[in-house]
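Everything on this sheet refers to the single structure shown next.
Number of protein chains: 2
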Amino acid sequence: EILSAIEAALGAGPLAGRRIVVTSGPTHEPIDPVRYIANRSSGAQGTALARALATLGAEVVFVTGPAAVPPPQGVEIVRVETAREMLAAVEAALPADAAVCAAAVADWHVANAADQKMKKDGSGRAPVLDFAENPDILARIARRAEDRPRLVVGFAAETHDVVAHAEAKRARKGCDWIVANDVSPATGIMGGAENEVTLITGSGAEAWPRLSKDEVAQRLARRIAEALA
Amino acid sequence: EILSAIEAALGAGPLAGRRIVVTSGPTHEPIDPVRYIANRSSGAQGTALARALATLGAEVVFVTGPAAVPPPQGVEIVRVETAREMLAAVEAALPADAAVCAAAVADWHVANAADQKMKKDGSGRAPVLDFAENPDILARIARRAEDRPRLVVGFAAETHDVVAHAEAKRARKGCDWIVANDVSPATGIMGGAENEVTLITGSGAEAWPRLSKDEVAQRLARRIAEALA
Numbered sequence: 101e102i103l104s105a106i107e108a109a110l111g112a113g114p115l116a117g118r119r120i121v122v123t124s125g126p127t128h129e130p131i132d133p134v135r136y137i138a139n140r141s142s143g144a145q146g147t148a149l150a151r152a153l154a155t156l157g158a159e160v161v162f163v164t165g166p167a168a169v170p171p172p173q174g175v176e177i178v179r180v181e182t183a184r185e186m187l188a189a190v191e192a193a194l195p196a197d198a199a200v201c202a203a204a205v206a207d208w209h210v211a212n213a214a215d216q217k218m219k220k221d222g223s224g225r226a227p228v229l230d231f232a233e234n235p236d237i238l239a240r241i242a243r244r245a246e247d248r249p250r251l252v253v254g255f256a257a258e259t260h261d262v263v264a265h266a267e268a269k270r271a272r273k274g275c276d277w278i279v280a281n282d283v284s285p286a287t288g289i290m291g292g293a294e295n296e297v298t299l300i301t302g303s304g305a306e307a308w309p310r311l312s313k314d315e316v317a318q319r320l321a322r323r324i325a326e327a328l329a
Numbered sequence: 101e102i103l104s105a106i107e108a109a110l111g112a113g114p115l116a117g118r119r120i121v122v123t124s125g126p127t128h129e130p131i132d133p134v135r136y137i138a139n140r141s142s143g144a145q146g147t148a149l150a151r152a153l154a155t156l157g158a159e160v161v162f163v164t165g166p167a168a169v170p171p172p173q174g175v176e177i178v179r180v181e182t183a184r185e186m187l188a189a190v191e192a193a194l195p196a197d198a199a200v201c202a203a204a205v206a207d208w209h210v211a212n213a214a215d216q217k218m219k220k221d222g223s224g225r226a227p228v229l230d231f232a233e234n235p236d237i238l239a240r241i242a243r244r245a246e247d248r249p250r251l252v253v254g255f256a257a258e259t260h261d262v263v264a265h266a267e268a269k270r271a272r273k274g275c276d277w278i279v280a281n282d283v284s285p286a287t288g289i290m291g292g293a294e295n296e297v298t299l300i301t302g303s304g305a306e307a308w309p310r311l312s313k314d315e316v317a318q319r320l321a322r323r324i325a326e327a328l329a
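Going down the list, the sequences are from chains A and B. For the first sequence, the numbering used here begins at 101 and goes up steadily by one. For the second sequence, the numbering used here begins at 101 and goes up steadily by one.
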């Protein structure tokens, strides 16, 4: 780790000269000026991954939603709020050698978000929110005709049938790898310090042991370095 | 301030022997195990107020949603997530001499919240969320037949027609005071360090100058001490 940091500082790590875009954190989708739809991603895994990639010498563009953990040092930080802003930021960061989509992106945004705070009108009737699908950032990047990164990695946070859902997701999105994990509340992974992932590649599924999020990040960063070598 | 802290430590402040319930922070209303509806309250004003009341000698029960700022020291902390949990915690904390409802409570919860993560089914159709009105914590406390605190204070976060909405809110809820402020994004108050409030009492509306949230808290705590004297 110390050796890696020295190598990175000297521009000599295995990812020296590689540009990698990492998305991280949740997105927030506004309902009105004070309310929004969020998700429980802390940004911890994406932040650890960006740090590990930078430590191996990569030039990292870190596109982050409003995360609970502070962003890593030594990377270019682009702060966004919504899924649509995140897509635009990732596209603006291309071309890149790899894109790792670790953010927990909202599937939908509120199409009829209000300019003023929505108020109860005394009728007991709730507001009707019209949802519109957000752009699929992972698929959009993986299926680009121009400037498609050589390696596109997605994450799949599932609460059941983790590997089956993740393999289907890899095929559907057109990405190269999926890092799948089980975020059922019982696992304590969402917001916690550890992660237990399965790496899905074109060669099959590898179940990794339960590791700290830093160890998962370092292991994944080394795999990315091998793939780009 | 130092004198107040010494008095409080000696049980000698103007609020010594008074029990005050303070709610603070946002509530989170689950959509499914990973998604929720939130609001932009940082909990800063409620936290500052609880600290100021404790400094004046009060026994403070601090009922807080998932806030961005850490809770104050020297108070009893009750952590909740949803509006329904917050109401239950406040009711459990009674009887009390005063209740100050500074939390930004969601008006609605998702009646059809899912046990498993909602997934896009490929149809492009968005989920339909059925909203149900949350209990009105301020009105429920202010209109109690038994154990109504002598002083019930609400907050009104508005984006337009602040005083008119706040005066109507005071009458509608049956509370004694409303602390009203303008949380339009342009003011920078939501999530910021300052606040500019209007105190609405039975005697009318007092516009306070723009002050730090700590100063607003100290001023309001002194007014509460006078009201309970």
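We put the beta carbon where it would ideally sit given N, CA and C, even for glycine. Note that the structure is predicted; figures quoted are calculated from it, not measured.
Terminal residues of the alpha helix (DSSP H) in which residue i lies
i, result
"residue 190 (chain A)", "183-193"
"residue 151 (chain A)", "144-155"
"residue 118 (chain A)", "Run containing residue 118 (chain A): none; DSSP gives neither H nor E here."
"residue 168 (chain A)", "Run containing residue 168 (chain A): none; DSSP gives neither H nor E here."
"residue 322 (chain B)", "313-328"
Exposure of residue i, with buried meaning 16 or more beta-carbon neighbours within 10 Å
i, result
"residue 303 (chain A)", "exposed"
"residue 318 (chain B)", "buried"
"residue 228 (chain B)", "exposed"
"residue 128 (chain A)", "buried"
"residue 209 (chain B)", "buried"
"residue 280 (chain A)", "buried"
"residue 243 (chain B)", "exposed"
"residue 170 (chain B)", "exposed"
"residue 158 (chain A)", "buried"
"residue 144 (chain A)", "buried"
"residue 189 (chain B)", "buried"
"residue 59 (chain A)", "Since the displayed chain A opens at 101 and closes at 329, residue 59 (chain A) lies outside it and no answer follows."
"residue 207 (chain A)", "buried"
"residue 314 (chain B)", "buried"
"residue 310 (chain B)", "exposed"
"residue 126 (chain A)", "buried"
9 Å Cβ cut-off: residues of chain A touching residue i
i, result
"residue 303 (chain B)", "Those do not exist, as residue 303 (chain B) stays about 26 Å from chain A at its closest Cβ, beyond 9 Å."
"residue 162 (chain B)", "By Cβ distance, chain A contributes nothing, its closest Cβ being about 21 Å from residue 162 (chain B), past 9 Å."
One or two residues paired with residue i in a DSSP bridge
i, result
"residue 233 (chain A)", "A:208"
"residue 129 (chain B)", "B:137"
"residue 122 (chain A)", "A:162, A:200"
Neighbouring residues, chain A, relative to residue i (Cβ below 7 Å)
i, result
"residue 207 (chain B)", "220"
"residue 259 (chain B)", "133, 216, 217"
Where residue i meets chain B, residues with beta-carbon distance less than 7 Å
i, result
"residue 140 (chain A)", "134"
"residue 229 (chain A)", "229"
Within chain A, partners of residue i - CB distance below 8 Å
i, result
"residue 289 (chain B)", "Within 8 Å Cβ-Cβ: nothing; residue 289 (chain B) doesn't reach chain A, min ~11 Å."
"residue 263 (chain B)", "What residue 263 (chain B) touches in chain A: nothing, since even the nearest Cβ is about 15 Å away."
"residue 335 (chain B)", "What the structure shows of chain B is the stretch from 101 to 329, and residue 335 (chain B) is not part of that stretch, so it cannot be assessed."
"residue 343 (chain B)", "Because residue 343 (chain B) is not part of the residues shown, which for chain B are 101 to 329, the question remains open."
N- and C-terminal bounds of the beta strand (DSSP E) containing residue i
i, result
"residue 111 (chain A)", "Premise fails: residue 111 (chain A) is in no beta strand (DSSP E) and is neither H nor E."
"residue 179 (chain B)", "176-179"
"residue 307 (chain B)", "304-307"
"residue 198 (chain B)", "198-201"
Residues that residue i contacts on chain B, provided the C-beta gap is smaller than 9 Å
i, result
"residue 137 (chain A)", "131, 135, 136, 137, 138"
Worksheet item: Which runs of the beta strand (DSSP E) spanning at least 3 residues fall entirely within the segment 239-299 of chain A, listed in chain order?
Response: 251-258, 277-282
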